[in-house]
Amino acid sequence: MMIKKHAFLPLVICLVVPLPVFATTAGRLQIENAQSSEITLYPDKALVKQSFATLPDDKGSLVLDDVGEDWQDNSFSLAYVDGSQRYIPNSIWWRQDRLDRDVIYSKLVGHSVELMGGGINVPVQGELLVYGEGIGLVQGNNGRQYIVDWNDAQGVRMASRETIFAGKDYADRMVAEFGDQKPQGQLQLSYLTHSLSYTSYYQLSKEADGQSRLERQLIVKNKSRVDYNNPTIRLVSGNTNGIASNARSMNGTVALYSAAQKDERMGELIVTPLAGINKLGGHTSIQLTQYKQEKISLDKRYVLDVYGRSYNSQPAKLENPRTVLRFKAGTDLPAGRLEFFETNKAGATLLSGGTWLPATVKGDYARLIMGEALTVRVARKKTDNQQKEGQWLTRWEMTVYNDQKIPVKFILNERDRNLLTLSDVQGGQLHGTGTIEVKVPAKGEQKVMYIATYGKS
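For the numbering used here, add 668 to where a residue sits in the sequence shown, where the first one is 1.
Dropping the structure here:
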């Protein structure tokens, strides 16, 4: 079924470096023969902009073959640009259906067919009288009628005796009708598609010498059958109101490249050009190392978030803080999944944890919240609780235990919404109004006393 659609769509003109002109045929456009292709990749889609030298035929028709499977209808823009003159199609119609049994057989109605199988020893010639929902009726030249049931695996099968698909009307195609406009100049084509996208992830590796290395890996996917030759590719990260997929799926051929890091900030977006990709072939994926940061000094700390007023006066019980890693970002880091690897003194590499790296601005500390600590434990208990001038003053005693052979840094964050301040801190250092930093010796413990003042709710 052909769907007719009038298109009066705005054209976005893109400045790209022109490439060698491919051989073209008037009225017939091959998507892979673009003079230039500009692809802006998002985590769940891509904006494709291409230019061509192909003109319509004498009747003003331009046929676009293999446009793709899932371009977004309301994003499509096609026009010729000749200086300040723009030529927009009078109408555009397209077919995006994949091969469909019922559509193909319906086209055979009224045509000569050949029957075979299903106990027929010699092929029978005939005419397909009617077809629908997998069942057809054939009038044989031998005077008999045959019922063809596609759902019967052992039944009669049907083949065409005539060439009725010479125009490739079973394939994906698009036809732009310009009428008598006689367009000139360069054809500009743009659309959004979900067949092009990317996924990203981080690898943070800690070596035996204590230094760490961060790498951001990208997987660029082309699920369409379109080949994009010598494309200009940009990667967009940040708040695009899209949902990034964390799945790592590499279908087809996989190539490995290294991309230069030349970010451009556009508001909340990070735009990164990807160099070195000469071809983004159909049904392929490309893996790229998009960013590296060497010799990172990881600041490891153990953090416990507490809500003081939710604790009763029962005896203290041991709690496990969370391990938090911090490092200073050498560039703007988009949010993404991170895997943490460590190498021991024997040279063995272990996957020691995974987490989510939040979006971090260059120069700020990236904060990685890992799993619960096993070697650092905390015991807290109330030793006094008083009401004074409409406020609650609670005296706390805390002991932090460290089973490791190295000293550690422990952070207590009091998150109670009624907290006014912490005071009289002994054994630790107060930061702000609700944070205490404690240094715990190797294979030792550290006692901390403090008073928390809460407002009366």
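Glycine residues also receive a C-beta, built at the ideal position from the N, C-alpha and C atoms.
Keep in mind that this is a model prediction, so the values were computed, not measured.
Close-in-space but distant-in-sequence residues of the same chain around residue i (CB under 7 Å, 5 per side omitted)
i	result
G1096	I1104, E1105, V1106 and V1116
K1019	Sequence check: residue 1019 is Leu here, not Lys. Contacts found: E1007 and F1009.
Residue i versus residue j: straight-line alpha-carbon distance, rounded
i	j	result
Y773	T831	13 Å
G787	R893	40 Å
D738	N890	12 Å
A675	R754	The pLDDT assigned to A675 is 35, lower than 50, so where the model puts this residue is not dependable, and the model offers no usable value.
T957	V824	55 Å
G910	A1041	Because the pLDDT of G910 is 44, which lies under 50, any placement of that residue in the model is unreliable, and the question is left without a value.
R812	D770	24 Å
E706	A714	10 Å
G950	Q698	14 Å
G785	L776	19 Å
A1014	K1050	45 Å
N1070	L937	42 Å
I760	G751	23 Å
Q822	D768	21 Å
Q879	E987	30 Å
L1098	Y975	17 Å
S719	L972	57 Å
R696	I945	27 Å
Y979	K1073	31 Å
Q1100	K1056	Just to set this straight, residue 1100 is Gly in the shown sequence, not Gln. The alpha-carbon atoms of G1100 and K1056 are separated by roughly 23 Å.
A1017	Y959	A small correction: the amino acid at residue 1017 is Thr; Ala does not occupy that position in the sequence shown. Using only the alpha carbons, I get a separation of about 21 Å.
V749	R841	22 Å
Best match in the options for proximity to residue i [C-alpha to C-alpha]
i	options	result
I954	S863, H862 and V888	V888
G1022	E1113, K713, I815 and G1039	G1039
L857	P724, R1045 and F744	F744
V1076	D967, Q822 and G1100	D967
N1081	P989, A997, A984 and S1020	P989
P941	T708, R841, Y896 and G695	T708
R1005	Q1059, L886, G1112 and E987	L886
G728	Y710, N742 and A747	A747
K963	I699, D877 and A721	D877
W762	K775, D733 and R969	D733
Q854	P724, S905, A1016 and K1073	P724
R829	S780, I938, A694 and L972	S780
L796	G778, G802 and K1049	G778
S704	A721, R696 and G695	A721
D899	L872, S865 and A943	The amino acid at residue 899 is misidentified as Asp; the sequence shows Pro. Nearest C-alpha to P899: A943.
N819	E801, R696 and L1036	E801
V992	T952, G794 and I1037	I1037
N758	E845, E700 and S981	E845
G847	E1065, H1099, D726 and L986	D726
D895	T1017, N701 and H1099	N701
S965	L872, V735 and P851	L872
Q852	L972, G1100, K1056 and A694	A694
H862	Q1072, V735 and Y814	V735
R1035	K1056, A1016, P1002 and I1074	P1002
Proximity below 7 Å, CB of residue i to CB of residue j
i	j	result
V716	V843	no
G998	Q1054	no
M826	L783	yes
S1118	D1084	The sequence shown places Tyr at residue 1118, not Ser. No; because the gap between Cβ atoms is not below 7 Å, this pair is not in contact.
L1090	G1102	yes
V1068	Q1114	yes
K1111	E1010	no
V816	G804	yes
T1121	L1025	no
Y870	R884	yes
V792	G808	yes
Y1033	V904	no
N1086	G1058	no
A1027	A984	no
R902	V939	yes
S865	D712	yes
Cβ-based neighbour list, residue i, same chain, cut-off 6 Å, excluding 5 preceding and 5 following
i	result
Q849	Y755
K947	N897
K1030	A997, T999 and D1000
F1078	Y970, V1068, V1106 and V1108
Q1094	M1117
L1052	Strictly speaking, residue 1052 in this sequence is Asp, with Leu absent from that position. Counting only Cβ-Cβ distances below 6 Å, and skipping sequence neighbours, we find R1063.
N1012	none
E1065	K1049, T1051 and M1117
Short CB-CB distance (under 7 Å) between residue i and chain D
i	result
N809	Of the protein chains in the structure, only one exists, and it is not chain D.
Item to complete: Ignoring anything shorter than 3 residues or poking outside the segment 997-1026, list the beta strand (DSSP E) runs there in chain order.
Response: 1004-1011 and 1017-1025
Worksheet item: In chain order, which beta strand (DSSP E) runs of at least 3 residues are fully inside the segment 697-751?
Response: Segments of the beta strand (DSSP E) lying fully in the segment 697-751: 704-709, 714-720, 729-733 and 745-750.
Worksheet item: Which parts of the segment 1092-1125 are runs of the beta strand (DSSP E), unbroken and 3 residues or longer, counting only runs that do not cross its ends?
Response: Within the segment 1092-1125, the runs of beta strand (DSSP E) that reach at least 3 residues and sit entirely inside it are, in chain order, 1097-1099, 1103-1108 and 1112-1123.
Practice prompt. Enumerate, from N- to C-terminal direction, the unbroken beta strand (DSSP E) stretches of 3 or more residues contained entirely within the segment 780-810.
Written response: 780-785, 788-800 and 803-808
Worksheet item: Residue ranges of each beta strand (DSSP E) run of no fewer than 3 residues wholly in the segment 853-910, ordered along the chain?
Response: Fully contained in the segment 853-910 are the following beta strand (DSSP E) runs of length 3 or more, in chain order: 854-861, 864-874, 880-890 and 900-906.
Worksheet item: For the segment 936-1007, which segments carrying the beta strand (DSSP E) assignment without a break, of at least 3 residues, lie completely within its bounds, in sequence order?
Response: Within the segment 936-1007, the complete beta strand (DSSP E) runs of at least 3 residues are 937-942, 952-964, 967-974 and 990-996.
Discussion item. As an exercise, report each continuous beta strand (DSSP E) stretch of at least 3 residues that is fully enclosed by the segment 1024-1063, in chain order.
Written reply: 1033-1040 and 1044-1056
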